[in-house]
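As structure tokens, the structure follows; a few thoughts come after it.
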Amino acid sequence: MTTDPVVRRAFIHGCITVALALAAVVAGVGAHGSARTVLLAACPLIMLAGAVVAGVRTYRAYQADDRWPVWQALLWFLLTMALLTFMSVGPELFGLTAN
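With this note's numbering, the residue at position 91 of the sequence shown is 91, and numbering never jumps.
Written out as structure tokens, the structure reads:
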């Protein structure tokens, strides 16, 4: 791991966001009824919220002439993960799966 505090903060932010989203998926798979729907819908929303926060951090770092590409890379990673998780849980949310 690097000793750069900017990279460390971005890494921790990304790990926490992914861990929260995975916890929502695991809890959603084990739940039934409307709790399942809410928890599965929360997964891409958690990723999207993490991406928005990373975008704000990117802008603030850019304005301060700091290392903004680290935060932008995290932004793109979390946006991609939000899209992938939505495509994974979306059919379940909209009832498009065969039961």
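Ideal placement from N, C-alpha and C gives every residue a C-beta, glycine not left out.
Cβ-Cβ separation, residue j to residue i (assumed contact under 8 Å), whole Å
i: Ala-24; j: Cys-43; result: 5 Å
Residue i in three-state terms, based on DSSP
i: Leu-96; result: coil
i: His-32; result: coil
i: Arg-57; result: helix
i: Thr-160; result: With the chain covering only 1 through 99, there is no way to say anything about residue 160.
i: Arg-67; result: coil
Environment of residue i [buried if 16+ CB atoms lie within 10 Å]
i: Trp-71; result: buried
i: Ile-12; result: exposed
i: Gly-95; result: exposed
C-beta atoms of residue i and residue j nearer than 7 Å
i: Leu-75; j: Ala-51; result: yes
Option in the options with minimal Cα separation from residue i
i: Gly-90; options: Leu-39, Asp-65, Leu-78; result: Leu-39
i: Pro-5; options: Leu-20, Ile-46, Asp-66; result: Asp-66
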